[in-house]
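Visitor: Mapping of the sequence shown onto my numbering: position 179 corresponds to residue 217, and the numbering continues sequentially without gaps.
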Amino acid sequence: MAVSTLSAGMLIGVPEAKASWSFDQIMRKAEKRYGRQGPAKDRLLSWNLLIESSRYLPERQKLVAVNQFFNRELRFMDDAALWKQSDYWATPIETLVQGAGDCEDFSLAKYFTLRKLGVPEERLRITYTRELTRGQAHMVLSYYAAPGAEPLILDNLTDGMLPASQREDLLLLYAFDAHGLYQVEKDGLRRTGNTDRLPGWQALMARMRQEGFSLEQG
């Protein structure tokens with residue numbers, strides 16, 4: 039994950055992106071671009087099955103199912119190796135077609151899938167952390183059951199979802215959603231403002247629309 043994306047261009051002064059879409063439309067576009075057969079199609083069909091089978095689960099079980107699905111289906115690969123770029127935010131389709139991604143791609147795929155499953159945006163924050171054992175930047179998805187609650191961490195490093203206080207290997211620094219940037223503090227999130235530019239996010243939204251996602255603004 040490229041630290042500069044979060045520290046220099048941070049966050050999102052754009053309307054909320056609601057993850058809604060027709061899977062049939064997405065599959066038609068994906069098949070036209072990537073072909074009709076092979077592991078990529080199988081992963082996309084498995085993703086749709088996950089969504090359909092998880093639709094009516096309790097919210098906590100949705101988190102478990104989505105976290106485990108992407109951790110199982112994807113392998114870790116950094117952007118330089120996968121995309122020949124220093125920093126690239128892949129769409130869920132791109133990530134599933136590749137069968138690989140870095141920590142931000144895992145987090146984004148989980149985020150949009152949970153939004154599709156009806157988890158409210160205010161409970162989800164894509165979170166920039168430092169992984170202390172290796173001293174590296176790392177991105178996770180945080181789930182807040184209520185305002186001010188301690189978040190659960192959805193992480194490509196482990197299938198187990200633990201409260202942040204039990205992830206002694208992670209230092210949570212910043213979080214973001216479709217509305218702004220937050221400082222992670224001991225007593226919760228402190229909003230630090232909005233920006234009108236985030237190139238990685240804007241490019242991601244544009245590619246998702248091209249793929250057939252309906253990203254309504256609300």
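By construction, the Cβ of each residue, glycine as well, lies at the ideal position given by its N, Cα and C atoms. This structure is a prediction, so every number in the text was calculated from the model and none was measured.
Would you decide whether Lys70 is buried or exposed? Buried here means 16 or more other CB atoms lie within 10 Å of its CB.
Guide: Looking at its Cβ environment, which holds fewer than 16 other Cβ atoms inside 10 Å, Lys70 is exposed.
Visitor: Using the C-alpha atoms, what's the distance from Gln99 back to Ala175?
Guide: 28 Å
Visitor: Got a sec? Which residues, its chain only, sit under 8 Å from Leu170 by beta carbon, not counting five neighbours each side?
Guide: Glu206, Asp207, Leu208, Leu209
Visitor: Mark Leu190 as exposed unless 16 or more other C-beta atoms lie within 10 angstroms of its C-beta, in which case mark it buried.
Guide: buried
Visitor: Let's see if you can read the secondary structure: which residues bound the alpha helix (DSSP H) around Thr129?
Guide: Per DSSP, Thr129 lies in no alpha helix (DSSP H) segment and is marked neither H nor E.
Visitor: Compute the distance between the beta-carbons of Thr129 and Met246, then report whether it is under 8 Å.
Guide: yes
Visitor: Taking the alpha helix (DSSP H) that Thr151 belongs to, which residues open and close that run?
Guide: Looking at the DSSP string, the run of the alpha helix (DSSP H) that includes Thr151 is 141-154.
Visitor: Quick one: Cα of Thr167 to Cα of Ala202, how far?
Guide: 11 Å
Visitor: Below 8 Å on the Cβ atoms is my contact criterion, and I expect Tyr220 with Arg172 to pass it. Report the Cβ-Cβ distance as a whole number of Å.
Guide: That pair is no contact at about 24 Å.
Visitor: Taking DSSP as the reference, what is the three-state secondary structure of Leu95?
Guide: Residue state, collapsed to three classes: coil.
Visitor: With distances taken from CA atoms, which of Ala138, Arg113, Asp125 is nearest Ala241?
Guide: Taking only the C-alpha atoms, the option nearest Ala241 is Asp125.
Visitor: Buried or exposed, going by whether 16 or more other CB atoms sit within 10 Å of the CB of Ser229?
Guide: Contrary to the premise, residue 229 reads as Arg rather than Ser in this sequence. It counts as exposed.
Visitor: Measuring straight from C-alpha to C-alpha, what distance separates Gly137 and Lys79?
Guide: 10 Å
Visitor: Rounded to whole angstroms, what's the CA-CA distance from Ser60 to Ala184? Just pull it up for me.
Guide: 30 Å
Visitor: Between which two residues does the beta strand (DSSP E) holding Ala213 run?
Guide: Start and end: 208-214.
Visitor: So, helix, strand or coil for Gly72, using DSSP?
Guide: It is worth fixing the name first, because residue 72 is Tyr in this sequence and not Gly. Here Tyr72 sits in helix by DSSP.
Visitor: Specify the secondary structure class of Met243 as computed by DSSP and reduced to three states.
Guide: helix
Visitor: Roughly how many whole angstroms lie between the Cα atoms of His217 and Glu142?
Guide: Taking the straight line joining both Cα atoms gives about 18 Å.
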